[in-house]
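Residue numbers (our numbering): 164 to 444.
Structure below.
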């Protein structure tokens, strides 16, 4: 068990969006809007940009050497993904960690990916993915050895995306990923406090891959459910860490939080704040 007082507090070291964007630049790949979106999304998901932090449209445009139009469009996309709240006549702020959405995201992922992994195991051309899957697991192992969690996380996500590709329904992982913002943020928070489970997760990835390549949909689904976590029962990752829940509340309440947008108020109406053991993080 950890206590909130023992958790490293990033709030006291909050950096402006201009500081966070130093070293980032736009490339010639993809639209400007998509590039800005991906950069800002990464900052929010990794908790480098903290809840209620102001994302100044002007500062973002200046740091990325972009016009205001792609920045504004990227911020709208971020709001649609529940990553930010756009408050009229005030500005754009990073959305708080929503534990109600966390529970929903876990349910959505388990429901959709369990079906996808069965299809992946039934793919008659599954062997052609063997090298790609092996390379991604090796990359995860190198990242853990080097203590590079962001790199591990990228290869973790990429592995699950390949499962959806193997299933012939790549859009399913895109749909899953759009709901995972708060799950990803909690995962990053756990990792910064040395509470992650990367090495165990890699072993679980190997078991899923082995079952898929063997063509056993039942075993593949069972391995995936064990990896993500069952909807009920034994996995109480967050409940076992009440101090972490207190710290998330601290993050959400830190600073002078602006009024939420009408969109976020409507979306959160009726949500519960408690998190059940619906998935591993």
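All residues carry an ideal CB built from backbone N, CA and C; glycine is no exception. Quantities reported herein were computed from a predicted structural model and do not represent experimental measurements.
Cβ-Cβ separation between residue 198 and residue 190: approximately 7 Å, consistent with a contact (criterion under 8 Å).
At a Cβ-Cβ threshold of 8 Å, residue 277 and residue 387 count as neighbours.
Contact check for residue 320 and residue 327: beta-carbon distance about 11 Å, past the 8 Å limit, so the pair fails to qualify. Annotation: the continuous beta strand (DSSP E) that includes residue 248 extends over 247-250. By the neighbour-count definition (other C-beta atoms within 10 Å, threshold 16), residue 362 is an exposed residue. Just so you know, the alpha carbons of residue 183 and residue 293 end up roughly 38 Å apart.
When Cβ pairs closer than 8 Å are counted between the two stretches, the stretch 340-356 is seen not to touch the stretch 293-302, the count staying below three. For the pair residue 275 and residue 374, the CB atoms are not nearer than the 8 Å cut-off. Ranked by how close their Cα comes to the Cα of residue 344, the residues 360, 177, 263, 376 have 263 in first place. Taking the Cα positions, residue 254 is about 17 Å away from residue 415. Scanning its chain for C-beta atoms nearer than 6 Å, with the 5 sequence neighbours on each side dropped, one finds around residue 282 the residues 330, in chain order. Cβ-Cβ separation between residue 332 and residue 284: approximately 14 Å, too far for a contact (criterion under 8 Å). Under the 10 Å beta carbon count, residue 226 is surrounded by 16 or more other beta carbons and is classified as buried. Spanning the alpha carbons of residue 412 and residue 260 requires a straight line of approximately 8 Å. Linking residue 297 to residue 290 through their CA atoms gives a straight-line distance of about 11 Å.
Between residue 203 and residue 218, the C-beta spacing is below 8 Å. Residue pairing of residue 254 in beta bridges, as defined by DSSP: 250. Only residues of its own chain outside the window of five on either side were considered, and among them 292, 295, 296, 299 have a CB closer than 8 Å to the CB of residue 325, listed in chain order. Around residue 341, the same chain offers 244 as residues with beta carbons nearer than 7 Å, after the five sequence neighbours per side are excluded.
In the assembly as shown, residue 192 is an exposed residue. Its beta-carbon has fewer than 16 other beta-carbons within 10 Å. Spanning the alpha carbons of residue 390 and residue 246 requires a straight line of approximately 26 Å. In the three-state DSSP reduction, residue 217 falls in the strand class (E or B).
Counting only runs of at least 4 residues, the stretch 255-287 fully encloses the following alpha helix (DSSP H) elements, listed from N- to C-terminal order: 262-285. Contact check for residue 257 against residue 207 passes: the beta carbons are separated by less than 8 Å. Under the three-state reduction of DSSP output, residue 228 falls in the coil class, being neither helix nor strand.
Following the DSSP letters along the chain, one finds residue 308 inside the alpha helix (DSSP H) bounded by residues 293-309. Only exposed fits residue 366, as fewer than 16 other CB atoms lie within 10 angstroms of its CB.
For residue 383, the secondary structure class from DSSP, reduced to helix, strand or coil, is helix.
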